[in-house]
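Presented below is the structure to which this report refers.
Protein chains: 2
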Amino acid sequence: MPDAADFIRRMPLLANLPKDVQARISRRMIRRSYSAGETIFIEGDPGRAAYLVAEGRVRVHRTSRAGREQVLARIGLGQLFNTVPLFRHDARNHATAQAATDVTVYAILREDLLRLVQDSPELALVILRDFAERLDHLTNLVEDLSLRTVRGRLARFLLVHAKEGTVRRQWTQEEMASELGTVRDVIGRALRSFASEGLIRMDRHRIVLVDREGLESESDS
Amino acid sequence: MPDAADFIRRMPLLANLPKDVQARISRRMIRRSYSAGETIFIEGDPGRAAYLVAEGRVRVHRTSRAGREQVLARIGLGQLFNTVPLFRHDARNHATAQAATDVTVYAILREDLLRLVQDSPELALVILRDFAERLDHLTNLVEDLSLRTVRGRLARFLLVHAKEGTVRRQWTQEEMASELGTVRDVIGRALRSFASEGLIRMDRHRIVLVDREGLESESDS
DNA sequence: GAGACAGTGCGACCTAAGTCGTATTCGTGC
DNA sequence: GCACGAATACGACTTAGGTCGCACTGTCTC
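Keeping their order, the protein sequence lines are chains X and E. According to this note's numbering, the first sequence is numbered sequentially starting from 5. According to this note's numbering, the second sequence is numbered sequentially starting from 5.
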């Protein structure tokens with residue numbers, strides 16, 4: 005079993021913290037594992053802890069009464085999540101977290117982390133930077149949902165997630181839909197129409213960007 | 005002309021900071037005024053400063069190419085804005101700020117505020133709390149835009165902004181629309197249909213909530 | 001009281017996007 | 001190879017909501 009202190013030292017986010025802060029954090033961390041699909045916590049429950057991902061990936065999302073999901077964040081190795089409720093009076097989880105793959109996390113209790121933040125401006129700064137990134141991401145998402153069509157959002161999504169002309173990871177249409185605030189069918193239609201217009205090419209479930217410029221002009225609505 | 009140090013002492017957000025931090029902040033603040041409608045900064049410009057509102061209100065928004073606006077935050081007395089770019093590598097304003105009324109703000113330069121945050125965990129905590137609130141608001145907005153109809157959003161909006169059965173401030177339909185991610189016409193239609201269904205009543209441009217329960221059940225989609 | 005202007009009301013129309021049903025393809029395990 | 005489930009394709013249909021045109025109303029100014 006890997007050592008918590010050792011883990012912290014290898015995480016870019018926390019590696020630069022003073023040694024004593026690292027030590028205090030690692031003494032407080034509680035290791036937990038979840039298998040793919042399992043729910044880690046539910047929106048509305050008391051927010052007792054924040055988490056640090058040691059292995060695997062986590063999806064943070066909200067669900068409508070009709071069962072439709074909107075993904076708010078995907079959390080990967082070395083990243084924090086559920087830090088928001090720590091700093092609010094109403095300390096409830098404001099979304100649901102689910103293991104996207106088999107996952108190992110370190111939990112840190114609210115009080116412990118708050119005390120650490122008060123004592124360590126360096127740690128505060130780490131969380132501030134994390135919050136700033138998250139705010140940026142959510143702001144972009146709001147702009148997408150409010151001011152862009154599904155075609156526009158999808159075009160942007162493809163451009164952002166493409167590396168060397170192909171979309172890196174294999175996203176299912178369902179996953180893209182829950183990311184972009186729509187449903188599977190609509191994503192499918194849009195992809196097919198992009199393909200028929202020569203903007204992209206399907207290469208056995210990989211998406212190849214053919215006409216980057218076309219996609220860019222498509223991406224504003 | 006009111007004194008900056010005196011102003012800080014009266015702001016709930018900053019009143020509890022240690023005296024020396026307050027003094028250092030007030031020494032760094034630059035007072036500026038804008039008249040209603042004026043633009044304070046534009047999305048994409050270098051984010052050189054954060055602001056504290058001393059008087060009036062500010063709208064932070066994004067605009068689509070077609071000219072449609074989505075409001076991200078309304079900032080009032082004693083609140084901070086444009087703090088996000090301070091903590092990002094790409095230090096650009098990630099939205100546009102506009103004076104909603106005649107406004108007086110105190111600007112604090114990026115470097116100054118960053119230095120202060122490093123030295124004062126109390127100030128860091130103030131900003132962390134502010135970020136947490138903002139994240140919560142944006143998360144709710146995303147849920148609204150992605151998972152609720154305009155009727156649902158409007159019902160929720162009315163419930164949230166109602167005090168003693170009437171909506172406090174007089175919002176124009178245009179303002180509500182830019183808040184809820186739609187256009188004036190649609191808000192008008194929805195309000196009229198709420199009224200004809202007996203959920204609300206129009207009392208010369210004030211909105212009176214007649215059937216709270218009805219609105220609540222309307223508010224999930 | 002005449003304009004002028006901002007805020008609304010309201011009908012006609014159009015389109016993006018959500019819904020449904022069913023067929024097809026793909027990948028994995030046996 | 002076959003079977004099975006997951007992921008997709010695709011046509012038919014419905015609807016929320018965005019667009020346009022224009023009329024009405026209240027308020028403020030000169």
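Backbone N, C-alpha and C fix where the C-beta goes; we use that ideal spot for every residue, glycine too.
_For Thr170(X) and Ala194(X), what's the separation of their Cα atoms in angstroms?_
Translated into the one-based positions of the first sequence, residue 170(X) becomes position 166. Translated into the one-based positions of the first sequence, residue 194(X) becomes position 190. One C-alpha to the other measures close to 17 Å.
*Simplified DSSP state of His165(E), which is helix, strand or coil*: Here the question's residue 165(E) lines up with position 161 in the second sequence. Residue state, collapsed to three classes: helix.
_Short CB-CB distance (under 8 Å) between His98(E) and chain X_ = Within the second sequence, residue 98(E) is the residue found at index 94, counting from 1. Yes, His98(E) counts as interfacial toward chain X.
*asked:* Could you compute how far the alpha carbon of Glu78(X) sits from the alpha carbon of Ala104(X)?
replied: For this step, residue 78(X) is matched to residue 74 along the first sequence. For this step, residue 104(X) is matched to residue 100 along the first sequence. Reading off the sequence, residue 78(X) comes out as Arg, not Glu. Cα to Cα, Arg78(X) sits roughly 9 Å from Ala104(X).
_Suppose the cutoff is 6 Å on Cβ atoms and the five residues either side in sequence are ignored; what does the same chain contact list for Val187(E) look like?_
What you label residue 187(E) is simply residue 183 of the second sequence in a count that begins at 1. Ala181.
*Helix, strand or coil at Glu220(E) [DSSP, three-state]*: As a working mapping, residue 220(E) is identified with position 216 in the second sequence. Helix at Glu220(E).
*Should Val64(X) and Leu76(X) be called a contact, given that it needs their Cβ atoms to be closer than 8 Å?*
Reading the first sequence from its first residue, position 60 is the one you call residue 64(X). Reading the first sequence from its first residue, position 72 is the one you call residue 76(X). For Val64(X) and Leu76(X), yes; Cβs fall inside 8 Å.
*Uninterrupted alpha helix (DSSP H) stretches inside the region 165-209 of chain X (no shorter than 4 residues)*: 177-184 and 188-200
*Apart from the five residues on each side of it in sequence, which residues of its chain come closer than 6 Å, Cβ to Cβ, to Ala8(X)?*
One-based indexing of the first sequence puts residue 8(X) at position 4. Excluding positions up to five away in sequence, the list reads Ser30 and Met33.
*Chain-ordered residues of the region 143-166 of chain X with a beta carbon less than 7 Å from chain E*: Thr143, Leu145, Val146, Glu147, Leu149, Ser150 and Leu151
*Check whether the region 54-70 of chain E touches the region 94-114 of chain E, counting contact only when three or more Cβ pairs, one atom from each stretch, lie closer than 8 Å.*
yes
*asked:* Since Ala101(X) and Val62(X) should fall inside the 8 Å C-beta cutoff, what is the C-beta to C-beta distance between them, to a whole number of angstroms?
replied: Residue 101(X) sits at position 97 when you count from the first residue of the first sequence. Residue 62(X) sits at position 58 when you count from the first residue of the first sequence. Right, the Cβ-Cβ distance comes to about 6 Å (below 8 Å), so this counts as a contact.
*Answer with yes or no whether the minimum CB distance from Ile12(X) to chain E is below 8 Å.*
Here the question's residue 12(X) lines up with position 8 in the first sequence. False, the Cβ-Cβ gap to chain E never drops below 8 Å.
*Under 8 Å by beta carbon: chain E residues contacting Pro125(X)*: On the first sequence, position 121 is the one that residue 125(X) refers to. Those within 8 Å of Pro125(X) in chain E are Val121, Gln122, Asp123, Ser124, Pro125 and Ala128.
*Run down chain E in chain order and give the residues with a C-beta less than 7 Å from the C-beta of Asp140(X).*
To locate residue 140(X), count along the first sequence from 1; it is residue 136. The answer, in chain order, is Val88, Arg92 and His98.
*Should Leu203(X) and Gly192(X) be called a contact, given that it needs their Cβ atoms to be closer than 8 Å?*
On the first sequence, position 199 is the one that residue 203(X) refers to. On the first sequence, position 188 is the one that residue 192(X) refers to. It is not a contact, given that the beta carbons lie outside the stated cut-off.
*asked:* Against chain X, does Gln177(E) count as a neighbour if the rule is that its beta carbon must be under 8 Å from one of theirs?
replied: In the second sequence, residue 177(E) corresponds to position 173, counting from 1. No, Gln177(E) lies away from the interface with chain X (no Cβ there is under 8 Å from its Cβ).
*Tell me, please, whether the CB atom of Asp215(E) is closer than 8 Å to any CB atom in chain X?*
Here residue 215(E) is taken as the residue at index 211 of the second sequence, counted from 1. Chain X contact via Cβ: absent.
*asked:* Closest to Leu84(E) by C-alpha separation, out of Ile12(E), Ile46(E), Arg172(E) and Glu178(E), would be which residue?
replied: Counted from its first residue, the second sequence places residue 84(E) at position 80. Comparing Cα positions, the closest option is Ile12(E).
*Using a C-beta to C-beta distance shorter than 9 Å, which residues of chain E count as neighbours of Ser68(X)?*
Your numbering for residue 68(X) matches position 64 in the first sequence. Here the neighbours are Glu147, Ser150, Leu151, Arg152, Asp224 and Ser225.
_Chain-ordered neighbours of Leu132(X) on chain E, where CB pairs are closer than 8 Å_ = The sequence position of residue 132(X) within the first sequence is 128, counting from 1. Per Cβ cutoff of 8 Å: Phe91, Val121, Ala128, Ile131, Leu132 and Phe135.
*asked:* Taking 8 Å as the threshold (beta carbon to beta carbon), is Arg72(E) in contact with chain X?
replied: Within the second sequence, residue 72(E) is the residue found at index 68, counting from 1. Output row for Arg72(E): interface = yes.
*Quick one: list the residues of chain X neighbouring Gly185(E), beta-carbon separation under 9 Å, in chain order.*
In the second sequence, residue 185(E) corresponds to position 181, counting from 1. Under the 9 Å cutoff, chain X gives Val146, Leu149, Ser150 and Leu151.
_With a threshold of 8 Å between beta carbons, is Met5(X) in contact with chain E?_
Here the question's residue 5(X) lines up with position 1 in the first sequence. Confidence in Met5(X) is poor, its pLDDT being 47 and thus under 50, which makes the residue's placement too unreliable to answer from.
*Phe91(E) versus Arg210(X) - alpha carbon distance*: Against the second sequence, residue 91(E) aligns to sequence position 87. Against the first sequence, residue 210(X) aligns to sequence position 206. The alpha-carbon atoms of Phe91(E) and Arg210(X) are separated by roughly 35 Å.
_Do Ala128(E) and Leu139(X) have their beta-carbon atoms positioned less than 8 Å apart in this structure?_
Taking the first residue of the first sequence as position 1, residue 139(X) is located at position 135. Taking the first residue of the second sequence as position 1, residue 128(E) is located at position 124. No, Cβ-Cβ distance for Leu139(X) and Ala128(E) is not below 8 Å.
*asked:* With a threshold of 8 Å between beta-carbons, can Leu117(E) be considered close to chain X, or not?
replied: Taking the second sequence and counting its residues from 1, the one referred to as residue 117(E) is at position 113. Closer than 8 Å: no.
*Proximity test, Cβ basis, 8 Å: Leu76(E) and chain X*: Position 72 of the second sequence holds residue 76(E). Yes - at least one Cβ of chain X is within 8 Å of the one on Leu76(E).
_Per-residue DSSP class, three states only, for His141(E)_ = Numbered from its first residue, the second sequence carries residue 141(E) at position 137. In the structure shown, His141(E) sits in a helix (DSSP, three-state: H, G or I).
*Three-state secondary structure (DSSP) at Ala9(X)?*
Looking up residue 9(X) in the first sequence gives position 5. Ala9(X): helix per DSSP, three-state reduction.
*Whole angstroms is fine: what's the gap from Asp106(X)'s alpha carbon to Arg35(X)'s?*
Numbered from its first residue, the first sequence carries residue 106(X) at position 102. Numbered from its first residue, the first sequence carries residue 35(X) at position 31. Between Asp106(X) and Arg35(X), the C-alpha separation is close to 14 Å.
*Could you name the residues of the same chain whose beta carbon sits closer than 8 Å to that of Gly48(E), not counting the 5 residues immediately before and after it, in chain order?*
Taking the first residue of the second sequence as position 1, residue 48(E) is located at position 44. The residues are Arg96 and Asn97.
*CA-CA distance, Leu21(E) and Asp94(E)?*
To locate residue 21(E), count along the second sequence from 1; it is residue 17. To locate residue 94(E), count along the second sequence from 1; it is residue 90. Whole-angstrom Cα-Cα distance: 29 Å.
_8 Å Cβ cutoff met for Val154(E) and Val212(E)_ = Counting from one through the second sequence, the residue named residue 154(E) turns up at place 150. Counting from one through the second sequence, the residue named residue 212(E) turns up at place 208. It is not a contact, given that the beta carbons lie outside the stated cut-off.
*Just confirm the distance between the C-beta atoms of Glu222(E) and Ala159(E), as a whole number of angstroms; I'd bet it's less than 8 Å.*
Mapped onto the second sequence, residue 222(E) falls at position 218. Mapped onto the second sequence, residue 159(E) falls at position 155. With a Cβ gap of about 4 Å, Glu222(E) and Ala159(E) count as contacting.
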